[in-house]
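First comes the structure, then the notes that go with it.
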Ligand SMILES: Cc1cc2nc3c(=O)[nH]c(=O)nc-3n(C[C@H](O)[C@H](O)[C@H](O)COP(=O)(O)OP(=O)(O)OC[C@H]3O[C@@H](n4cnc5c(N)ncnc54)[C@H](O)[C@@H]3O)c2cc1C
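Residue numbers (the numbering used here): 492 to 866.
Shown next, in the form of structure tokens:
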């Protein structure tokens, strides 16, 4: 251990929606000796959203009637109230997160990139290596999110494409037409934004996510996106092609050549947009988790690593069996589960978490997440 490494009870990696939300929960429990480290800024991933992208989950200041704004990360706050719009942009939402961090006096340190996390026996706990030296902690809560860790290796040549997460503004992209690989939320968001900018977009997907039906909003296009897609389709600028599995992308003299599983080939003049999802930040500490289908860390019922005691995960990569916590209104309900475990081990009273339960912010009984939806 390098001399002088600072020692905390808890290090939270990431000051996004998950890291800030968990920080408030720890504060509500009266826990003081923790730090939130971020390589960039509070809400940095939201600041990187394409300029045209907006929240698909609507915000409404419904807190007064006991229904927390869908995009709130903690009790008694509401982006609808502080930002004043129903579908905030990434920049607006980052403003809300900064406001929460300031209001609760959270110990956020920015410009600190966490490079690795290792476990030690003497002293017990974690050794967190950053670009500015080491910190030590008894618990690490991983809240590094997904946005900054795109998936770019699904097929040969995927790295030649422009990943959705790297787009600054769809208005500034060159060309009259773009091919988009992936037709879920981000692919359709790209198509809609291109159509609004007067361009054409052709969306390829191995299935037809735009026609999917079912009870779990994590697997469907949101109503907000469906409505925008319908208008874009009416403009004639968007073409949807389902049943198209891309197997490779090659660069040639005229642009890009997309090859498909059935032998079909499509030519694109401009760099294709890759909207096939994210590898997720937990991949940075891969060896500290066991993995489910290679994509999702295996977790105990308290969202702790099954192989590294004291390491917890919060945010959209959390899965419990088939239950997906990809939206803020879902994963925020697990902050109290993690905070409860940490508080017990620190011998801190967990009584303040009762209020969380009353407000739907403490989801430890997952039997409620059924797919009942009568109409
Ligand atoms: C385009 C887009 C639209 C979305 N729309 C919605 C929506 O409408 N509603 C909804 O509920 N969800 C939406 N989501 C999902 C939601 O935004 C994410 O689930 C949310 O950002 C996750 O929060 P997080 O704190 O886990 O991750 P992030 O917001 O990504 O925060 C992670 C933080 O960790 C920092 N970090 C990462 N790695 C390191 C490291 N090694 N060292 C130090 N710091 C690090 C980053 O700088 C970042 O600030 C959307 C996601 C995307 C990409």
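Glycine residues also receive a C-beta, built at the ideal position from the N, C-alpha and C atoms. Values in this document were obtained by computation on a predicted structure and should not be read as measured data.
According to the DSSP assignment, residue 609 belongs to no alpha helix (DSSP H) but to the beta strand (DSSP E) extending over 605–611. For residue 601, the enclosing beta strand (DSSP E) stretches over residues 599–601. Remark: the C-beta of residue 807 is in contact range of ligand 1, defined as less than 7 Å to any heavy atom. The shortest CA-to-CA distance from residue 801 to any of 517, 793 and 807 is the one to 793. Taking all protein chains in view, the Cβ of residue 562 is crowded by 16 or more other Cβ atoms within 10 Å, so the residue is classified as buried. Between ligand 1 and residue 639, a heavy atom-to-CB distance of less than 7 Å is present. Excluding sequence positions up to five before and after residue 566, its CB lies within less than 6 Å of the CB of 850, all in the same chain and listed in chain order. Checking the 7 Å criterion, the Cβ of residue 775 is within range of a heavy atom belonging to ligand 1.
At a Cβ-Cβ threshold of 8 Å, residue 503 and residue 694 do not count as neighbours. Ranking 796, 770 and 710 by CA distance to the CA of residue 785 puts 770 first. Taking one beta carbon from each stretch, the region 545–563 and the region 579–586 have 3 or more pairs nearer than 8 Å; the two touch. Taking C-beta atoms under 8 Å as the contact rule, residue 816 and residue 809 qualify, at a distance of about 4 Å. The beta carbon of residue 820 sits closer than 6 Å to those of 561, all from its chain and outside the five residues before and after it, given in chain order. The beta carbon of residue 834 sits closer than 6 Å to those of 520 and 841, all from its chain and outside the five residues before and after it, given in chain order.
Every beta strand (DSSP E) of 3 residues or more that sits fully in the region 629–708 is shown, in chain order, as 668–672 and 691–695. By the C-beta criterion, the region 662–681 is judged to be in contact with the region 759–779, since at least 3 inter-stretch pairs fall below 8 Å.
The Cβ atoms of residue 508 and residue 564 lie closer than 8 Å to each other. Taking C-alpha positions only, residue 852 is separated from residue 789 by approximately 22 Å. Here residue 680 is buried. Its C-beta has 16 or more other C-beta atoms within 10 Å. If only complete runs of 3 or more residues are kept, the region 779–815 shows the beta strand (DSSP E) at 802–804, in order along the chain.
Around the CB of residue 857, fewer than 16 other CB atoms lie within 10 Å, so the residue is classed as exposed. With contact defined as three or more Cβ pairs closer than 8 Å, the region 710–721 and the region 741–756 are not in contact.
Among the bridge pairs identified by DSSP, residue 593 is matched with none.
According to DSSP, residue pairing for residue 499 in a beta bridge involves 628. Sequence-distant Cβ neighbours of residue 783 in its own chain, meaning closer than 8 Å and more than five residues away, are 789 and 810.
Taking the C-beta atoms as reference points, residue 505 is found nearer than 8 Å to residue 635.
With a beta-carbon spacing of about 4 Å, residue 684 and residue 661 fall inside the 8 Å limit used to define contacts.
Between residue 604 and the set 615, 595, 625 and 587, the nearest pair of CA atoms involves 625. The C-beta of residue 574 has 16 or more other C-beta atoms within 10 Å across all chains shown, which makes the residue buried. Around the C-beta of residue 637, 16 or more other C-beta atoms lie within 10 Å, and the residue is accordingly described as buried. Residue range 508–519 is occupied by the alpha helix (DSSP H) that includes residue 514. The beta-carbon distance between residue 527 and residue 597, rounded to whole angstroms, is 6 Å. This is short enough to meet the 8 Å contact definition. Here the distance from the Cβ of residue 530 to the nearest heavy atom of ligand 1 is below 7 Å.
About 7 Å separates the beta carbons of residue 712 and residue 676, which is inside the 8 Å limit, making them a contact pair.
In the displayed model, residue 819 falls within a helix according to three-state DSSP.
Non-local beta-carbon contacts of residue 772 in its own chain, meaning distances under 6 Å to residues more than five positions away in sequence, involve 635, 636 and 640 in chain order.
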